[in-house]
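Going by the working numbering, the letters in the sequence shown line up with residues 9 to 182, in that order.
Heads up, the beta-carbon is just placed ideally off N, CA and C, and yes, glycines get one too.
In what follows, a single structure is set out as structure tokens and then discussed.
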Amino acid sequence: MPTWIDRFQYHGLYDFGEVVIPLDKQVASLEWSKKLKALGVRQESAFYWLEIEDDESACGASDWELSANCLIPERAVDKVSAFTVAELLNRIPKIIEGHEPERRSKPSYNPSYLHIFTDHCIAWCVAHRGIDYDIYSDNSDDENLANVLAKMLIHLIEKGIVKVEGVNARAEQK
Numbered sequence: 009m010p011t012w013i014d015r016f017q018y019h020g021l022y023d024f025g026e027v028v029i030p031l032d033k034q035v036a037s038l039e040w041s042k043k044l045k046a047l048g049v050r051q052e053s054a055f056y057w058l059e060i061e062d063d064e065s066a067c068g069a070s071d072w073e074l075s076a077n078c079l080i081p082e083r084a085v086d087k088v089s090a091f092t093v094a095e096l097l098n099r100i101p102k103i104i105e106g107h108e109p110e111r112r113s114k115p116s117y118n119p120s121y122l123h124i125f126t127d128h129c130i131a132w133c134v135a136h137r138g139i140d141y142d143i144y145s146d147n148s149d150d151e152n153l154a155n156v157l158a159k160m161l162i163h164l165i166e167k168g169i170v171k172v173e174g175v176n177a178r179a180e181q182k
């Protein structure tokens with residue numbers, strides 16, 4: 009009888025030999041990181057997306073690369089926090105109290121709770137759920153949990169469900 013490890017290896021989904029996950033799969037992508045910065049999320053993280061000016065380009069072109077906080081070169085012209093899963097979980101409220109979606113017929117105290125799970129494949133699903141409603145649910149096919157959490161945080165801020173000041177205050181509490 010094959011084990012779950014055998015099934016994963018058989019389908020080529022995971023190699024348990026040398027476990028190395030590329031850094032860009034452990035942090036929020038540049039796209040979601042830029043949106044979080046634009047919303048005012050405090051830019052403090054272990055890793056950053058750096059815009060590096062190309063010295064050889066006559067038109068002043070630049071490229072973005074991923075770097076650890078302690079390794080930021082002088083030629084970086086801009087930096088955006090590349091939040092890890094742990095950093096994003098620290099910023100997203102685990103419980104949201106007092107939020108009642110418009111579709112509820114009568115007001116009542118019904119908090120929502122953070123849920124992180126996988127669907128039937130390997131993609132991550134994230135939801136903030138109350139007893140009979142979802143504030144947010146992402147069932148995309150993104151295998152990068154940091155991206156899915158970043159999208160949730162963006163949604164919560166854009167819809168006014170959480171305030172960016174509260175997100176930044178939670179980050180300070182570490």
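Given residue i, which residues of its chain have a CB within under 8 Å of its CB, disregarding the five upstream and five downstream residues?
i      : result
Asn77  : Ser53, Ala54, Phe55 and Tyr56
Val172 : Leu47, Gly48, Val49 and Ile165
Leu96  : Ala36, Ala154, Leu157, Ala158 and Leu161
Ile102 : The sequence given here has Lys at residue 102, not Ile. Contacts found: Tyr121 and Leu122.
Leaving out five residues before and five after residue i in sequence, what residues of the same chain have Cβ atoms less than 7 Å from its Cβ?
i      : result
Asn155 : Ala36, Ser37 and Trp40
Ala179 : Arg50, Glu52, Asn98 and Arg99
Ala84  : Leu58, Glu59 and Ile60
For residue i, which residues in the same chain have their Cβ closer than 6 Å to its Cβ, ignoring the five residues on either side in sequence?
i      : result
Asn176 : Arg50
Arg112 : The predicted position of Arg112 is uncertain, since its pLDDT is 48 and thus under 50; a value taken from the coordinates is nonetheless stated next. Answer for Arg112: no residue qualifies.
Lys42  : Val88
Leu31  : Leu74
Determine which residues share a DSSP beta bridge with residue i and list them.
i      : result
Cys133 : Phe125
Lys87  : Leu58
Val35  : Thr92
Glu73  : Leu58
Ser120 : Ile104
Does the Cβ-Cβ distance between residue i and residue j come in under 7 Å?
i      : j      : result
Asp71  : Ile60  : yes
Ser120 : His136 : yes
Lys33  : Leu58  : no
Ala131 : Glu151 : yes
Leu74  : Ala94  : no
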